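Inspection log for the structure reproduced underneath, given as structure tokens.
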Amino acid sequence: MASSIVIVGHLAPDLDCLVAIWILVRFGGATAADLEFVPAGRTFHDQPPDADPAIIHVDTGGGRFDHHHTADATLSAAELVRRAVVPGDAALSRLVEQVTRIDHAEALQGQQPVFFNITDLIAGYNALFPNKPFHVAQAMLPNLDAWYEHEQRTLRLERAFQRRVEFQTRWGLGIAMASDDGGSSKLAYRHGAVLYAYRDRQGFMGVAAQHRSCVDLEPIYHDLKRVDGQADWYLHPSHRLLLCGTPKAPPRVPSALSLTQLVDVLKRR
Ligand SMILES: [Mn+2]
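Our numbering puts the first residue of the sequence shown at 1208, with every later residue one more than the last.
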């Protein structure tokens, strides 16, 4: 796309509108596009929405990237842009699927999440910059980059989880996995693990027990002190978490064990 592209969204842009803009900017080559905002439903200078290929309307105007002509709950402006620009990106599909659901959930009462969420964040930006929708968009683009990165990481973890090792412990099923990103307790517990161990790209390792279990990792901690004495193992006060290095707290000395050796320690108890 040429740099003379204009992307037109609606005033007080919402998540759907912002994600549609973000896809065009980040994936559609519209990096230098001008952003314009019109009252929802209207078009730029009241021209037909798709008359000029260099003026792209999203979530407003009734054109090809506006979904308000239909009540189809699987459609959103972001989804229409995604299908047209990057239909084959799995992480983006996941992100946009959630955007579509959020866009349609807004009309429903009593289904809002309990905690502060991305819709609240956007509402905050619109409150900070009520007459500057461009500022809202500029502030949100990096947040959407981060969300996309999160979805990519989740997909990588799911792929790595398929190569997991399952083993028996005295407490029940153990699951071990190694991946660039470490492990996913969510995936392990969903799969029925009571104990789960992981190793990441930097050699950071950890063992965690499901929080409803009666596992006490203190004996394992002492075993590790014996076989991996130099390493900086940390036993969490809950006794359900045993860590040797996390991004929050890199280890002074990393573990010398392989994941298989760690699993052997866990199996022996
Ligand atoms: Mn929408």
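Quick reminder that beta carbons are idealized off the backbone N, C-alpha and C, glycines included.
All of these numbers come straight from a predicted model, not from anything done at the bench.
Checking the sheet assignment: what are the DSSP bridge partners for residue i?
i	result
THR1376	GLY1379
CYS1224	In the DSSP output, where bridge partners are listed per residue, CYS1224 has none listed.
LEU1448	ALA1415
MET1384	TYR1405
ASP1241	VAL1213
LEU1442	LEU1449
Compute every distance between the C-beta of residue i and the non-hydrogen atoms of ligand 1, then say whether any falls below 7 Å.
i	result
HIS1274	yes
SER1211	no
ASP1279	no
ALA1284	yes
ASP1310	yes
ASP1223	yes
ASP1266	yes
Report the rounded CA-to-CA distance for residue i versus residue j, giving the unit in angstroms.
i	j	result
ALA1415	LEU1466	14 Å
LEU1242	ARG1360	30 Å
HIS1217	ILE1230	16 Å
ALA1209	THR1250	Confidence at ALA1209 is low in this model, with a pLDDT of 46, below 50, so its placement is unreliable and the value that follows should be read with caution. Answer to the nearest angstrom: the Cα atoms are 21 Å apart.
ALA1456	PHE1411	10 Å
ALA1280	SER1300	15 Å
VAL1372	ILE1329	42 Å
ASP1223	ALA1438	48 Å
GLN1468	ALA1291	49 Å
TYR1403	GLN1369	14 Å
GLY1331	THR1453	32 Å
PRO1255	ILE1263	11 Å
GLY1390	GLY1413	9 Å
LEU1335	TRP1354	22 Å
ALA1385	VAL1422	22 Å
ASP1221	ARG1406	39 Å
VAL1401	LEU1448	12 Å
VAL1232	ALA1284	14 Å
PRO1294	VAL1303	11 Å
PHE1374	ALA1278	49 Å
ARG1271	PRO1349	26 Å
GLN1409	ARG1459	13 Å
ASP1430	LEU1464	12 Å
VAL1343	PRO1337	9 Å
ASP1388	HIS1398	19 Å
HIS1418	ARG1433	26 Å
VAL1245	VAL1213	12 Å
HIS1252	ALA1261	14 Å
Less than 7 Å between the CB of residue i and some heavy atom of ligand 3, yes or no?
i	result
ALA1291	No copy of ligand 3 occurs in the structure displayed; its ligands are ligand 1 alone.
Report back the beta-carbon spacing between residue i and residue j to the nearest angstrom; my notes put them in contact at under 8 Å.
i	j	result
LEU1367	ILE1382	Checking the sequence, you will find Ala at residue 1367 rather than Leu. About 12 Å; that fails the 8 Å criterion.
ASP1273	ASP1266	6 Å
LEU1362	ALA1297	6 Å
ILE1427	ARG1476	6 Å
CYS1451	PRO1444	Contact flag wrong, Cβ pair sits at about 17 Å.
ALA1219	ASN1333	5 Å
ASP1215	GLY1268	A quick correction: the sequence has Val, not Asp, at residue 1215. Confirmed, Cβ separation roughly 7 Å.
Starting from residue i, follow the beta strand (DSSP E) in both directions and report where the run begins and ends.
i	result
HIS1264	1262-1264
Could you check where the alpha helix (DSSP H) with residue i kicks off and where it finishes?
i	result
PHE1336	That residue, PHE1336, is in no alpha helix (DSSP H); it is neither H nor E in DSSP.
VAL1306	1297-1312
ARG1475	1466-1475
VAL1434	1425-1434
LEU1394	1392-1397
VAL1288	1284-1292
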